[in-house]
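This report concerns only the one structure given below.
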Amino acid sequence: MKKFFLFLFLWQSVIAQTGARYLIITHDDFYNKIKPFARWKTTKGLKTKIVKLSDIGNGPEQIKNYITDVYNTWDIKPQYLLLVGSPNKIPFPSINYQGYVYESDNYYTNVTGDFHNELLPGRFWVDDTLEARTIVAKVLSYEKCMTAIDSFWYRGGVTIVNEDEDSFPADSVYWADVRYAHTLMLGAGFTEIDSLAQSFGNTSVDVINAINNGCSYILYRGVGFNNWDYPFNAIHGYDMHNGPMLPVVISATCATVYGIGQEWTRTGTPTELKGVVGFLGTTTALMHAAEFRSALAKGTLENIFCDSLSTLGKAAEAGRLKYYELFHNTLEYNSWTCLGDPSMELRTFTPKGITVVHDSLFWVVPEAGTIRVHVEYNSVPVESALVCIMAERDTTIYHYGRTDNAGNITFIDTFHIPGDSLVCTVTGRNLKPYSGKAPVKFTGGPYLLLNSFLIEDSIGGNNDNIANPGEDIDIPVWIKNWGDSTAYNVVGVLQKAAADPFFTLYDTTKSFDDVPAFDSAFSSVDGYNIVVDSACPDSHRIDLSLVIKDDNDSTWISDFNFIVHAPIIEFVQYYFPGYLKYTPTGDTNQLIVELVNTGSYQAENLNCTIFTTDSFVNILDPTSSFGTILPDTISSNESD
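Residue numbers (the UniProt record's numbering): 1 to 640.
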């Protein structure tokens, strides 16, 4: 008898204990929301590890100690740091420069004690899960080129000068900076650059129109504090309707990170993108600092338009280093702050669709094999494209590198799991990402594995193909023979992978008859039967094992799982009309309650009942309707 084991998971990290190139430290509230972001980064070749704040401590010193430790001990040292949370969630540490105290995430990333960052920092300034999902959606849209609208916005820029006539030579510095920006943009092939200025009669309306029409970079030079100064001081997220045309803002003025920076980066929703995808600004408020901010802006712009491997974090660091080179201190070096993904590849032209060539089939063999990838655009080889090769199931297979001047790169590895897939992802500066798969097959007999399954809840549930507490679910499955010969009289038995009180199995045996080589077989529409307990908590994972046998008594085991989704309703606040927290004695009044759904599934047609043991209160209408509350959404009973 032969036994074969395969363990299938919906997704698992490819991060070994030896480290990662991208370290994400997140407030616990956002851990699940940041996973799609980390998954994409790992898939494109930037191994990513997510760490919850509760695992390392929530104080600035504890966070820094953890970062320093992993930097010094991991074989793969982190190059980027992303903090997920506003300063209310993850501290924004104070730095003291000659008595001047201000905030800087560089506190975390200067791990060797010299003046500069060993890791490039960035922050998602978010307070709730909706904002976290929104910023993740923005970055994924930007990097994956998901916009289906006019692509000319990639070649559009905006420069803004807000003259400060009483502060010589500030105005001449401002204008020199925007002229330099124009030169770099034109050299990159930009076709439309809006030059706005107070002296031209421009206002906030012109900036809003430029954003909504589409642009990729915005440079501001002039006075500001939290906001840009008049007449550019009325630019709000709710006025932005730019969809996925998401620019990067270089706000070279005083302390706009706290105001427009955090507002513009988190405005929008995951399904209605708008605002900006990245924001670089200071946390200091200084007098006569035009030359300081000029250095930050010029260094940043030079990296964006002259470095073929530019990222948001590299651009920010280039601005810091330019400042340090000229002024030899760390005041503005530490002030220059990155709101957004520091690893985000920056676009300077309309992304090009590429052709990628690699093998379409791989075999399980004892010897290591060669994986060759070729990248070209219009039959011309593409140099320095980032290629990542990984297996969906065998997490030991993970390689990345950049193509040579012939557009080629080669990896060496051995495939171990039949039915696995090799995933090839190619990205690069101004390239549309490519993603392709190639199956891994077995030679030497049949090899049967679970291929796919469905959640069928049309009879015992609400017919949305999502498992919920209390549902009676059918699990139809497809199995596939990845071997080179027929398996006869195949039977599959479904079992619990581990003891679990939150579900019960019925109808656990199915016949698949004979399954030829490279062919599939279906269990039947009704499938295996699972009853989910009504008390099953949200995001609970159902772990299952499909044991497959043939008439030669060969056995193959595929472990798989799915998630149960449920609403979680929590109290937010109460108030009386006018947002009052009290009502006079003897009055009859409406009590308005706000609830939030922190679960992963909507609460449909929610009715709530209140009660009291206080004899001085008489509840006339104890039941109110809150309608349907979607995940990460607040609703009230104000209409009922």
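Ideal Cβ placement from N, Cα and C applies to all residues, glycine included.
So what does DSSP say about residue i, is it helix, strand or coil?
i: V223; result: strand
i: S54; result: helix
i: G19; result: strand
i: I466; result: coil
i: Q98; result: coil
i: T350; result: coil
i: I455; result: coil
i: N481; result: strand
i: T265; result: helix
i: F411; result: strand
i: Y488; result: strand
i: Q590; result: coil
i: R402; result: strand
i: L286; result: coil
i: S635; result: strand
i: Y71; result: helix
i: T585; result: coil
i: I304; result: helix
i: A132; result: helix
i: T109; result: helix
i: G237; result: helix
i: N65; result: helix
i: L296; result: helix
i: F115; result: coil
i: N334; result: helix
Where do the N-terminal and C-terminal ends of the beta strand (DSSP E) with residue i fall, by residue?
i: M185; result: Taken as a continuous stretch (DSSP letters only), M185 belongs to no beta strand (DSSP E), being part of the alpha helix (DSSP H) at A170 to G187.
i: V440; result: Y434 to K441
i: Y506; result: F503 to Y506
i: G369; result: G369 to Y377
i: D194; result: E192 to A197
i: F279; result: G278 to G281
i: D513; result: T509 to V515
i: Y575; result: I569 to Y575
Are the CB atoms of residue j and residue i within a distance shorter than 8 Å?
i: G268; j: T147; result: no
i: S308; j: S384; result: yes
i: V596; j: E638; result: no
i: G259; j: F279; result: no
i: I250; j: A297; result: yes
i: A467; j: V564; result: yes
i: Y107; j: I90; result: no
i: G483; j: F512; result: no
i: L321; j: V277; result: no
i: E103; j: T109; result: no
i: I235; j: I193; result: no
i: I634; j: V572; result: yes
i: V531; j: Y506; result: yes
i: residue 647; j: C215; result: Here the chain comprises residues numbered 1 to 640, so residue 647 is not present and cannot be evaluated.
i: I389; j: F411; result: yes
i: P87; j: R21; result: no
i: G299; j: G319; result: yes
i: T350; j: S151; result: yes
i: E131; j: R266; result: yes
According to DSSP, residue i sits in a beta bridge with which residue or residues?
i: V547; result: V493 and I557
i: S624; result: C608
i: F562; result: I542
i: A521; result: I479
i: G460; result: D472
i: K49; result: L23
i: R123; result: L83 and L339
Kindly indicate which residue of the options has the alpha-carbon position closest to the one of residue i.
i: R293; options: V248, R221 and C306; result: R221
i: D526; options: A295, E345 and F453; result: F453
i: L81; options: G444, I63, N96 and V572; result: I63
i: K52; options: F349, L83 and V493; result: L83
i: E291; options: T609, S624, F327 and T129; result: F327
i: I50; options: D640, T26 and Y582; result: T26
i: V423; options: R402, I417, S435 and T414; result: S435
i: A517; options: A234, L119, L448 and F190; result: L448
i: A438; options: G419, E456 and T427; result: G419
i: S625; options: A289, S545, S636 and I459; result: S636
i: V365; options: N451, T443, C338 and A289; result: T443
i: G428; options: D472, Y377 and N233; result: Y377
i: V426; options: F415, K441 and Y400; result: Y400
Name the two residues that bound the continuous alpha helix (DSSP H) containing residue i.
i: residue 698; result: This structure does not reach residue 698, given that the chain is present from 1 up to 640, and the question cannot be answered.
i: I208; result: S204 to N213
i: G319; result: L312 to F327
Between residue i and the ligand ATP, is there a pair consisting of the residue's CB and a ligand heavy atom that are separated by less than 7 Å?
i: N405; result: This structure does not include the ligand ATP; it has no bound ligands of any sort.
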